[in-house]
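Enquirer: Dumping the structure here so I can ask a few things about it.
Numbering (the working numbering), first residue to last: 33 to 247.
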């Protein structure tokens, strides 16, 4: 496995690391042990001179379920949730974001900031310093992507309801989701159930959600 000190080389106080995610290809030999694995490189940049990147917000999930990704040519164990996020982003790099033109225009480049990999989690001093840069990291990003968890039976309905509903009422969802649902003339019960399920996900219990959304 990749040594954390070698993977996370030290830099200046104004540097951050970005993960360059490579689109899925079929160039690997079938016999290769890395065939099909997510391929990334970790690069350091001055925070004021970064290439366009996407800040990723997600919940870490349980530590006992991990998957392997390749970072700088070496295997790195990451938690299942992060692996799922990277898998989805990799597939989007290959197929595009044509279902959402606004999002497609903002997702320029292949660089992503994900805390579990871009911060040396074994270095207490670095973790504290990077937390202080969090506001700048998210405000400098081209956009932020929130992964709420794996798709469920009615999650697409909830997301679509939020997208197509009255934007002025989105802030009311957590106050009283019934107020938001009442703007729909059909399938209110199903939409309400979908929104309740979406808001019950572990993502919303993360300490950092409020700060990330504020940025």
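The C-beta atom is built at its ideal place from N, Cα and C for all residues, glycine as well.
Treat the numbers as computed from the prediction; the structure is a model and nothing was measured.
What is the rounded straight-line gap between the Cα of residue 83 and the Cα of residue 186?
Expert: As a working note, residue 83 is residue 51 in the chain shown. As a working note, residue 186 is residue 154 in the chain shown. Computed Cα separation, rounded: 36 Å.
Enquirer: Buried or exposed: residue 142, going by 16 or more other Cβ atoms within 10 Å of its Cβ?
Expert: Here residue 142 refers to the residue found at position 110 when the chain shown is read from its first residue. By the neighbour-count rule (16 or more Cβ atoms within 10 Å), residue 142 is buried.
Enquirer: Starting from the C-beta of residue 118, find all residues in its chain whose C-beta is less than 6 Å away, skip the five residues before and the five after it, and write them out in chain order.
Expert: Numbered from 1 along the chain shown, position 86 holds the residue referred to as residue 118. Same-chain partners within the cutoff: 70.
Enquirer: Looking only at its own chain, which residues have a Cβ that is under 7 Å from the Cβ of residue 98, when we skip the five neighbours before and after it?
Expert: Translated into positions along the chain shown, residue 98 becomes position 66. Answer for residue 98: 109, 110, 111 and 112, listed in chain order.
Enquirer: Between which two residues does the beta strand (DSSP E) holding residue 48 run?
Expert: If you number the chain shown from 1, residue 48 lands on position 16. Segment 47 to 53, the beta strand (DSSP E) holding residue 48.
Enquirer: In the DSSP output, which residue or residues are listed as bridge partners for residue 73?
Expert: Mapped onto the chain shown, residue 73 falls at position 41. 52, per the DSSP bridge assignment.
Enquirer: For residue 178, which of helix, strand or coil comes out of DSSP?
Expert: Reading the chain shown from its first residue, position 146 is the one you call residue 178. Residue state, collapsed to three classes: strand.
Enquirer: Take the Cβ of residue 91 as the centre, count every other Cβ of all protein chains shown within 10 Å, and call the residue buried at 16 or more, exposed below.
Expert: Reading the chain shown from its first residue, position 59 is the one you call residue 91. Flag for residue 91 reads buried.
Enquirer: Does residue 115 pass the burial test, meaning 16 or more other C-beta atoms within 10 Å, or should it be called exposed?
Expert: Position 83 of the chain shown, counting from 1, holds the residue named residue 115. Residue 115 should be labelled buried.
Enquirer: What do you reckon, are the CB atoms on residue 74 and residue 103 nearer than 8 Å?
Expert: In the chain shown, the residue the question calls residue 74 occupies position 42. In the chain shown, the residue the question calls residue 103 occupies position 71. Yes, Cβ-Cβ distance for residue 74 and residue 103 is below 8 Å.
Enquirer: Alpha carbon to alpha carbon, how far is residue 154 from residue 46?
Expert: Counting from one through the chain shown, the residue named residue 154 turns up at place 122. Counting from one through the chain shown, the residue named residue 46 turns up at place 14. Distance between the alpha carbons of residue 154 and residue 46: 19 Å.
Enquirer: Alpha carbon to alpha carbon, how far is residue 36 from residue 120?
Expert: In the chain shown, residue 36 corresponds to position 4, counting from 1. In the chain shown, residue 120 corresponds to position 88, counting from 1. Only weak support exists for where residue 36 lies, its pLDDT of 48 falling under 50; the coordinates are left without a value.
Enquirer: Tell me the residue span of the beta strand (DSSP E) that contains residue 87.
Expert: In the chain shown, residue 87 corresponds to position 55, counting from 1. Here the beta strand (DSSP E) through residue 87 covers 85 to 89.
Enquirer: Quick one: what's residue 108 bridged to in DSSP?
Expert: Here residue 108 is taken as the residue at index 76 of the chain shown, counted from 1. DSSP, once it has assigned bridges, lists 101 as partnering residue 108.
Enquirer: To the nearest angstrom, report how far apart residue 52 and residue 226 are at their CA atoms.
Expert: Working through the chain shown from its first residue, we reach residue 52 at position 20. Working through the chain shown from its first residue, we reach residue 226 at position 194. So the alpha carbons of these two residues sit roughly 34 Å apart.
Enquirer: Need the endpoints of the beta strand (DSSP E) that residue 145 sits in, please.
Expert: Stepping through the chain shown from its first residue, residue 145 is reached at position 113. Taken as a continuous stretch (DSSP letters only), the beta strand (DSSP E) holding residue 145 covers 143 to 145.
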